[in-house]
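Residue numbers (full-length UniProt numbering): 1 to 450. Data first, discussion second: the structure below is written as structure tokens.
Written as structure tokens, this is what we have:
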């Protein structure tokens with residue numbers, strides 16, 4: 001906030017409407033901590049009075065940045081007039097987002113007593129929570145309550161309700177929900193038919209799914225942007241309709257001046273589902289020559305396709321080329337190669353990718369604990385001391401070296417008939433306890449220590 005303070009010292013104007021707009025933009029790009037910092041500055045430095053809407057926004061930001069307890073404390077400290085449908089609704093949304101069912105339900109009932117629950121948003125929030133928790137019967141009960149209160153359902157209500165009916169294996173009820181909404185003049189957007197198509201696809205009702213997709217496409221408007229088309233490509237791929245995937249891809253390229261990374265990703269994912277390797281390669285190469293910002297997710301999709309088709313060499317070459325372009329693999333890349341090489345028994349190549357895991361940023365560099373015994377067993381059976389040492393170096397770098405890893409390393413030394421006088425000290429340096437089993441193995445190795 002130093003820039004804004006300097007701005008004020010210079011006698012320049014800061015209008016409330018402009019600051020509120022900046023907060024809105026920061027929230028839009030999920031810069032929640034910056035948005036909250038700006039709102040705090042508006043209150044503490046600028047001395048601005050908070051509207052009820054701004055109190056609700058600030059409460060939401062406090063939850064996202066500082067957690068639910070801080071949000072509760074802020075709500076409790078509000079003046080009574082500010083505790084209205086907006087701030088109650090914001091707190092309810094916080095409870096629903098953090099999956100606190102009891103608190104969310106209690107707050108909703110309190111809103112009911114105060115006469116501020118009879119709107120679509122709080123009911124949708126609570127329905128979403130029940131859906132996420134798998135409590136689909138509660139979703140249906142809440143919808144009945146919604147009808148009793150004469151609260152008009154919206155597109156999101158329809159999507160939640162259809163999803164819950166499908167989870168209860170009530171496809172007829174799914175169709176009834178949609179029919180009821182249509183007959184009552186409810187405004188249904190393309191996402192309702194996307195949800196319906198996905199439900200039909202999961203139930204194996206391909207013709208009905210494709211019919212829903214046609215309705216979806218007919219509802220798309222200019223303001224919807226590219227997202228509906230990304231869903232269309234994905235869903236047509238799910239029902240195995242390659243020609244429709246290609247047709248929609250053509251619509252995307254004809255409609256928008258620039259095809260985004262997200263749309264390329266959706267298309268590649270669709271083609272991966274359909275296992276059309278040749279067309280995938282064509283689309284990927286098109287993206288490589290046109291992209292403005294390199295996105296590792298797209299290269300990972302192509303990597304998955306190559307590995308699935310047994311083309312490990314091509315997958316490795318893909319990343320050599322990516323490195324030349326300044327790109328770097330991520331944890332997903334390592335996981336793809338590790339799973340492939342371990343699945344084919346090529347543990348030497350797999351070890352190379354374990355070493356690559358150690359090159360990732362600290363938070364991303366992790367190795368699945370279930371993979372460790374498979375490497376240990378391999379090195380013991382192959383009497384591969386060098387490989388076992390490399391693997392232990394990786395575990396050390398990843399912060400997961402332990403007694404079991406050292407037991408395996410010692411057994412590998414013994415199997416290979418090799419000796420070492422430094423392993424005991426190395427174990428101590430790694431702060432691993434020399435237990436009875438490790439001590440026995442060290443003695444057999446000739447390292448009796450002090």
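Where a beta carbon is used, it is the ideal one built from N, C-alpha and C, also for glycine. The model shown is predicted, which means the values in this text are computed figures rather than measured ones.
Same chain, Cβ closer than 6 Å to residue 334, five either side skipped, listed in chain order: Translated into positions along the chain shown, residue 334 becomes position 334. Excluding residues within five positions, the ones whose Cβ falls inside 6 Å are 353, 356 and 357.
Give the straight-line distance between the Cα atoms of residue 270 and residue 250, rounded to the nearest whole angstrom. Locating residue 270 in the chain shown gives position 270, where the first residue counts as 1. Locating residue 250 in the chain shown gives position 250, where the first residue counts as 1. Distance between the alpha carbons of residue 270 and residue 250: 14 Å.
Comparing C-alpha positions only, which one of 185, 239, 311 and 177 sits nearest to residue 207? Here residue 207 refers to the residue found at position 207 when the chain shown is read from its first residue. The shortest Cα separation from residue 207 among 185, 239, 311 and 177 belongs to 239.
Roughly how many whole angstroms lie between the Cα atoms of residue 379 and residue 412? By one-based count along the chain shown, residue 379 stands at place 379. By one-based count along the chain shown, residue 412 stands at place 412. C-alpha separation (whole angstroms): 7 Å.
Residue 274 to residue 203 span [Cα, whole Å]: Here residue 274 is taken as the residue at index 274 of the chain shown, counted from 1. Here residue 203 is taken as the residue at index 203 of the chain shown, counted from 1. Looking at the two C-alpha atoms, the distance is approximately 19 Å.
Would you report the Cα separation of residue 1 and residue 41, rounded to the nearest angstrom? Here the question's residue 1 lines up with position 1 in the chain shown. Here the question's residue 41 lines up with position 41 in the chain shown. Unreliable positioning characterises residue 1 in this predicted model, as indicated by a pLDDT of 49, which lies under 50. The coordinate reading is nonetheless provided below. Spanning the two alpha carbons is a distance of roughly 7 Å.
Please state whether the Cβ-Cβ distance between residue 367 and residue 400 is less than 8 Å. Residue numbering aside, residue 367 sits at position 367 when the chain shown is read from its first letter. Residue numbering aside, residue 400 sits at position 400 when the chain shown is read from its first letter. Going by C-beta atoms, residue 367 is nearer than 8 Å to residue 400.
Span of the alpha helix (DSSP H), counted from its first residue to its last, around residue 139: As a position in the chain shown, residue 139 is number 139, starting the count at 1. From DSSP, the alpha helix (DSSP H) with residue 139 extends over 136 to 148.
Using CA atoms only, rank isn't needed, just tell me which of 148, 394, 193 and 86 is closest to residue 163. Residue 163 sits at position 163 when you count from the first residue of the chain shown. Per the Cα distances, 193.
Compare the beta carbon distance of residue 56 and residue 86 with 8 Å and say whether it is the shorter of the two. Sequence index remark: in the chain shown, residue 56 carries index 56 (1-based). Sequence index remark: in the chain shown, residue 86 carries index 86 (1-based). Closer than 8 Å, so yes.
Over what stretch of residues does the alpha helix (DSSP H) that includes residue 379 continue unbroken? Position 379 of the chain shown, counted from the start, is the residue given in the question as residue 379. Start and end: 372 to 382.
Measuring straight from C-alpha to C-alpha, what distance separates residue 272 and residue 305? Here residue 272 refers to the residue found at position 272 when the chain shown is read from its first residue. Here residue 305 refers to the residue found at position 305 when the chain shown is read from its first residue. Rounded to whole angstroms, residue 272 to residue 305 spans 6 Å at the Cα level.
Quick check: what's the CA-CA separation for residue 431 versus residue 396? Counting from 1 along the chain shown, the entry for residue 431 is found at position 431. Counting from 1 along the chain shown, the entry for residue 396 is found at position 396. Cα-Cα distance, rounded: 11 Å.
As a quick exercise: from 297, 118, 30 and 71, pick the residue whose alpha carbon is nearest that of residue 268. Within the chain shown, residue 268 is the residue found at index 268, counting from 1. If we check each option's Cα against that of residue 268, 297 comes out closest.
Identify whether residue 166 lies in helix, strand or coil by the three-state DSSP scheme. Taking the first residue of the chain shown as 1, we reach residue 166 at position 166. Three-state result, residue 166: helix.
Taking the alpha-carbon positions, what's the residue 176 to residue 213 distance? For the purposes of this step, residue 176 is taken as the residue at position 176 of the chain shown. For the purposes of this step, residue 213 is taken as the residue at position 213 of the chain shown. Computed Cα separation, rounded: 18 Å.
Could you tell me the alpha carbon to alpha carbon distance between residue 143 and residue 118, rounded to whole angstroms? One-based indexing of the chain shown puts residue 143 at position 143. One-based indexing of the chain shown puts residue 118 at position 118. Using only the alpha carbons, I get a separation of about 12 Å.
In the DSSP assignment, find the unbroken alpha helix (DSSP H) run with residue 132 in it and report its ends. Indexing the chain shown from 1 puts residue 132 at position 132. Run containing residue 132: 120 to 132, per the alpha helix (DSSP H) assignment.
Between which residues of its own chain and residue 277 is the CB-CB distance below 7 Å, once the five residues before and five after are set aside? Along the chain shown, read from residue 1 onward, the residue named residue 277 stands at position 277. 305 and 309.
What did DSSP end up calling residue 106 once you bin it into helix, strand or coil? As a working note, residue 106 is residue 106 in the chain shown. Helix.
Delimiting residues of the alpha helix (DSSP H) encompassing residue 432: Taking the first residue of the chain shown as position 1, residue 432 is located at position 432. Here residue 432 belongs to no alpha helix (DSSP H), and DSSP marks it neither H nor E.
So the alpha helix (DSSP H) residue 49 belongs to, where does it begin and stop? Here residue 49 refers to the residue found at position 49 when the chain shown is read from its first residue. It is not in any alpha helix (DSSP H) - residue 49 carries neither H nor E in the DSSP assignment.
Presumed contact (8 Å Cβ cut-off) between residue 256 and residue 226, rounded CB distance: Within the chain shown, numbered from 1, the residue matching residue 256 stands at position 256. Within the chain shown, numbered from 1, the residue matching residue 226 stands at position 226. That pair is a contact at about 6 Å.
In angstroms, rounded to a whole number, what distance separates the CA positions of residue 292 and residue 325? Position 292 of the chain shown holds residue 292. Position 325 of the chain shown holds residue 325. Roughly 12 Å separates the two Cα atoms.
Looking only at its chain, what residues have a beta carbon closer than 8 Å to the beta carbon of residue 92, apart from the 5 residues adjacent to it on each side? Residue numbering aside, residue 92 sits at position 92 when the chain shown is read from its first letter. Contacts found: 104, 107, 108, 111, 122, 125 and 126.
Start and end residues, alpha helix (DSSP H) containing residue 116: Here residue 116 is taken as the residue at index 116 of the chain shown, counted from 1. From DSSP, residue 116 is part of no alpha helix (DSSP H); its letter is neither H nor E.
When 159, 147, 113 and 263 are compared against residue 132, the one with the closest alpha-carbon: As a first step, residue 132 must be located in the chain shown, where it is residue number 132. The shortest C-alpha separation from residue 132 is found at 159.
Tell me whether the beta-carbon of residue 441 lies closer than 8 Å to the beta-carbon of residue 414. Locating residue 441 in the chain shown gives position 441, counting from the first residue. Locating residue 414 in the chain shown gives position 414, counting from the first residue. For residue 441 and residue 414, yes; Cβs fall inside 8 Å.
Kindly give me the distance between the Cβ atoms of residue 50 and residue 58, rounded to whole angstroms, as I take these residues to be in contact under 8 Å. As a first step, residue 50 must be located in the chain shown, where it is residue number 50. As a first step, residue 58 must be located in the chain shown, where it is residue number 58. 7 Å between Cβ atoms; contact.
Residue 76: buried (16+ other C-beta within 10 angstroms of its C-beta) or exposed? Here the question's residue 76 lines up with position 76 in the chain shown. Exposed, since its Cβ has fewer than 16 Cβ neighbours within 10 Å.
Going by beta carbon distance, what residues of the same chain come within less than 8 Å of residue 428, once the five residues before and after it are set aside? As a working note, residue 428 is residue 428 in the chain shown. Once the five neighbours on either side are set aside, the close Cβ partners of residue 428 are 434.
Report buried or exposed for residue 200, applying the criterion of at least 16 other Cβ atoms within 10 angstroms of its Cβ. Sequence index remark: in the chain shown, residue 200 carries index 200 (1-based). By the neighbour-count rule (16 or more Cβ atoms within 10 Å), residue 200 is buried.
Just mark residue 70 as buried or exposed, buried being the case when its beta carbon has 16 or more other beta carbons within 10 Å. Taking the first residue of the chain shown as 1, we reach residue 70 at position 70. By the 10 Å Cβ count, residue 70 comes out exposed.
Residue 34 - DSSP class collapsed to helix/strand/coil: Residue numbering aside, residue 34 sits at position 34 when the chain shown is read from its first letter. Three-state DSSP puts residue 34 in a helix.
On the CB-based measure, 16 or more other CB atoms within 10 Å of its CB, does residue 364 come out buried or exposed? Translated into positions along the chain shown, residue 364 becomes position 364. When all chains shown are included, residue 364 counts as exposed.
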